[in-house]
Amino acid sequence: MPIQSSVEIVDVTEDPKYERFLYLCIFHTNKEFIGKSIHKTYKHRYEYLKTMIPKGFRKKVLFYKGDHVGMIEYAPVEASSFPIIGENVIVMNCIWVHKSAAGHHFGKLLIEHMKEDKKGTTGFATLGCEGFHRVFVKKDDMEKLGFYSLKSMKVKHKGKKKGGCFTIHLMWMPMVENAILPTWNESKLMEGLYFCEHHPLYHGKHGCAELRFILEKC
Ligand SMILES: CC(C)(COP(=O)(O)OP(=O)(O)OC[C@H]1O[C@@H](n2cnc3c(N)ncnc32)[C@H](O)[C@@H]1OP(=O)(O)O)[C@@H](O)C(=O)NCCC(=O)NCCS
47 MPIQSSVEIV DVTEDPKYER FLYLCIFHTN KEFIGKSIHK TYKHRYEYLK
97 TMIPKGFRKK VLFYKGDHVG MIEYAPVEAS SFPIIGENVI VMNCIWVHKS
147 AAGHHFGKLL IEHMKEDKKG TTGFATLGCE GFHRVFVKKD DMEKLGFYSL
197 KSMKVKHKGK KKGGCFTIHL MWMPMVENAI LPTWNESKLM EGLYFCEHHP
247 LYHGKHGCAE LRFILEKC
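Going by our numbering, the first residue of the sequence shown is number 47, and it counts up by one from there.
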């Protein structure tokens with residue numbers, strides 16, 4: 047049987063049946079919320095989604111033989127989770143394919159799906175990372191999927207004792223010739239991110255909630 051017939055990419059953005067997939071990384075969807083709703087547990091995510099879904103945010107989950115093994119989320123730059131600045135740019139907030147499903151080109155399939163869904167954009171931007179000690183979209187991985195690095199900065203996480211300096215890259219995949227290149231707001235990025243409590247650069251992690259900036263330059 048061709049692999050495509052066992053693959054389904056589902057939009058989980060607005061169907062309540064898929065709420066867990068919308069709030070959680072696909073690999074944590076069994077988590078229980080005893081006595082508390084998912085919205086209360088993930089307040090920042092809730093606020094982000096409430097504002098950004100009407101502005102074009104989308105999350106898709108890839109099912110392979112019925113199992114959720116991959117995901118991608120993206121939004122127009124105005125609704126994105128990263129402080130990226132650009133004109134008619136789509137920002138990929140996150141992509142993840144489970145190791146158990148590697149080798150089937152699901153990462154590329156999710157990228158193609160995003161491109162098809164957001165036709166007419168000048169390009170796609172995201173962040174990629176080098177030398178970070180935790181799971182986090184790596185620059186190399188983003189290159190394999192068609193992005194290249196436009197600029198970078200070397201930083202250190204103030205709350206994480208181990209790991210030291212790492213580099214964050216602004217990654218870019220243009221869709222038109224002579225597209226105006228996106229840039230980023232470095233200072234905002236140093237504050238950390240709020241859109242997802244699971245993200246390694248989430249502002250509220252590692253005792254950083256009271257700090258204005260969770261990152262410092264190396
Ligand atoms: C990046 C990622 C999405 C790629 O997904 P994938 O399904 O494994 O990738 P694909 O199979 O589509 O491969 C894409 C390309 O990279 C190549 N590739 C994949 N793994 C490779 C490896 N280890 N070495 C060399 N090339 C590799 C593939 O051959 C393919 O190129 P091709 O089309 O020329 O053959 C996946 O590795 C991943 O989820 N990484 C973790 C991301 C993460 O941390 N997310 C959480 C953020 S908080």
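Cβ coordinates follow ideal geometry from the N, Cα and C atoms, glycine included. These numbers were taken from a predicted model, which means no experiment stands behind them.
Where does residue i land, buried or exposed, given buried means 16+ other C-beta within 10 angstroms?
i: Ser127; result: buried
i: Ala148; result: exposed
i: Val222; result: exposed
i: His74; result: exposed
i: Asn139; result: buried
i: Val201; result: buried
i: Lys185; result: buried
Which residues mark the beginning and the end of the alpha helix (DSSP H) in which residue i is found?
i: Tyr69; result: Glu65 to Tyr69
i: Asp186; result: Lys185 to Lys190
i: Tyr94; result: Lys89 to Met98
i: Glu232; result: Glu232 to Glu237
In terms of residues, what are the limits of the beta strand (DSSP E) holding residue i?
i: Thr167; result: Per DSSP, Thr167 belongs to no beta strand (DSSP E) and is neither H nor E.
i: Tyr268; result: Residue 268 lies beyond the stretch modelled for the chain, which goes from 47 to 264, so this question has no answer here.
i: Thr213; result: Cys211 to Pro220
i: Glu262; result: Leu261 to Lys263
i: Asp57; result: Val53 to Asp57
i: His203; result: Tyr194 to His203
Considering only heavy atoms of ligand 1, does any lie closer than 7 Å to the CB of residue i?
i: Gly153; result: yes
i: Ala148; result: yes
i: Leu70; result: no
i: Val137; result: no
i: Ile260; result: no
i: Pro36; result: Past the edges of the chain, shown from 47 to 264, lies residue 36, and the structure says nothing about it.
i: Asp163; result: no
i: Leu257; result: no
i: Lys206; result: no
i: Trp230; result: no
i: Val181; result: yes
i: Lys190; result: yes
Using 8 Å as the threshold, is the C-beta distance between residue i and residue j below it?
i: Lys154; j: Leu108; result: no
i: Ile141; j: Leu156; result: yes
i: Met217; j: Gly166; result: no
i: Val115; j: Ser146; result: yes
i: Tyr194; j: Tyr94; result: no
i: Pro129; j: Trp230; result: yes
i: His244; j: Cys71; result: yes
i: His203; j: His252; result: yes
i: Leu171; j: Gly210; result: The question names Leu, but residue 171 in the sequence shown is Ala. Cβ distance not < 8 Å, so Ala171 and Gly210 don't count as in contact.
i: Thr59; j: Arg91; result: no
i: Glu176; j: Met199; result: no
i: Tyr64; j: Val56; result: yes
Segments of 3+ residues assigned as beta strand (DSSP E) that fall wholly inside the segment 114-149: 135-143
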